[in-house]
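Enquirer: Quick note: the sequence shown uses my numbering, first residue 36, plus one each step.
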Amino acid sequence: MAAFESGNGGADELRRLLDDSQRIVAFTGAGISTESGIPDFRSPGGIWSRMEPITFQKFVVSEEARLEDWRRRFEMNRVYGEAQPNIAHVALAHLVAEGRSAGVVTQNIDGLHVRGGLAAESLVELHGNATYAHCISCRRRYELDAMEAQIEAEKRAPRCEECGGFVKSAIVSFGEAMPEAEMRRALDLAESCDLMLVLGSSLQVQPAAGIPVVARRAGARLAILNRESTHLDGFANLALQGEIGAILAGVFPQLAGELH
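#1: Do you know whose CA, among Ala126, Val233, Lys203, lies nearest Glu263's CA?
#2: Quick test of your reading: Glu211 and Phe91, contact by CB under 8 Å. State the CB separation rounded to the nearest angstrom.
#3: Find the nearest neighbour of Gln142 within the set Glu196, Ile246, Gly64, Arg191, judged by alpha-carbon distance.
#4: State buried or exposed for Glu160, treating a residue as buried only when at least 16 other CB atoms are found within 10 Å of its CB.
#5: Are the CB atoms of Ala258 and Ile122 within a distance shorter than 8 Å?
#6: Tell me Val60's beta-bridge partners as DSSP assigns them.
#7: For Arg175, which residues of its own chain have a beta-carbon under 7 Å away from its beta-carbon, when the five flanking residues on both sides are left out?
#8: DSSP state of Gln276, grouped into three classes?
#9: Give the straight-line distance between the Cα atoms of Leu52 and Met231, rounded to the nearest whole angstrom.
#10: Taking Leu224 as the reference, which of Ile171, Ala137, Ala192, Val149 has the closest Cα?
#11: Are the beta-carbon atoms belonging to His124 and His148 less than 8 Å from one another?
#12: Considering Cα atoms alone, identify which of Val140, Arg50, Met111, Arg113 is closest to Ser236.
#13: Any chance you could list the beta strand (DSSP E) runs of at least 3 consecutive residues sitting entirely within the stretch 181 to 220, in chain order?
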């Protein structure tokens, strides 16, 4: 039976769940990064409701689409660069460092988890990472600053120096297959955790949104913190609605000093 609480009571119940758990896995969505100033691109009024997404298929066949995609990525990366990790990012890194969390599975592409202190090997990025680029064929990594300078100089979308493939921001674009290794790792974490902690996800984007269900059916408890209700609230042991940062500040008051 889910509990719907807010304020200190909700924080106290969440603290009890965390204290009783030894293999916590967090599942995070855009809601934790909006509190760092990053817009939720998918919500009504967000960029994807005002601008047609460039699909993976369009990127591959059209130079015009590739250049427009790069323009958007550079603009988005500047937003990400100005944002700072908040208490949610720091708290999850803290749980991993303590050995109480097996890792974090995220739908986010902003890089804030690692900047918040989480070891990269403890993070599963289901939708990729927008803070660097890679070749879509051989996966060679490229830095965005170098790609922006190259496009400005050559007036064309970059190709891989290694294999000649298209270079693209290292995110999973619309129409692109989900990364198999990351999905498998996320499912393994879900199947072996004793608490799945969902932070800031509407749990609507599939197949990623099925991961908390896998955890619950494998016997884990499920806690959901989100600004609005989700369709899985009735499936959870605890569902809290409100500002994630405010709730977690009540659970981890000692971490406030780590934020700059």
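Where is the CB? At the ideal position from N, CA and C, for every residue including glycine.
Expert: In short:
#1: The residue labelled residue 263 in the question sits at position 228 within the sequence shown. The candidate whose alpha carbon is nearest that of Glu263 is Val233.
#2: For the purposes of this step, residue 211 is identified with residue 176 of the sequence shown, where counting begins at 1. For the purposes of this step, residue 91 is identified with residue 56 of the sequence shown, where counting begins at 1. The Cβ separation is near 4 Å, so the contact holds.
#3: The residue labelled residue 142 in the question sits at position 107 within the sequence shown. Of the candidates Glu196, Ile246, Gly64, Arg191, the residue whose Cα lies closest to the Cα of Gln142 is Gly64.
#4: As a first step, residue 160 is located in the sequence shown; it is residue number 125 there, counting from the start. Buried.
#5: Within the sequence shown, numbered from 1, the residue matching residue 122 stands at position 87. Within the sequence shown, numbered from 1, the residue matching residue 258 stands at position 223. Contact check for Ile122 against Ala258 fails: the beta carbons are separated by 8 Å or more.
#6: Locating residue 60 in the sequence shown gives position 25, where the first residue counts as 1. DSSP lists Gly138, Met231 as partners of Val60.
#7: Counted from its first residue, the sequence shown places residue 175 at position 140. His169, Cys195, Glu197.
#8: The count along the sequence shown starts at 1 and reaches residue 276 at position 241. Strand.
#9: In the sequence shown, counting from the first residue as 1, residue 52 sits at position 17. In the sequence shown, counting from the first residue as 1, residue 231 sits at position 196. Roughly 10 Å separates the two Cα atoms.
#10: By 1-based counting over the sequence shown, the position of residue 224 is 189. Comparing Cα-Cα distances from Leu224 to each of Ile171, Ala137, Ala192, Val149, the minimum goes to Ala137.
#11: For this step, residue 124 is matched to residue 89 along the sequence shown. For this step, residue 148 is matched to residue 113 along the sequence shown. The beta carbons of His124 and His148 sit closer together than 8 Å.
#12: Working through the sequence shown from its first residue, we reach residue 236 at position 201. It is Val140 whose Cα lies nearest to the Cα of Ser236.
#13: If we require 3 residues or more, the beta strand (DSSP E) runs fully inside the stretch 181 to 220 come out as 202 to 206.
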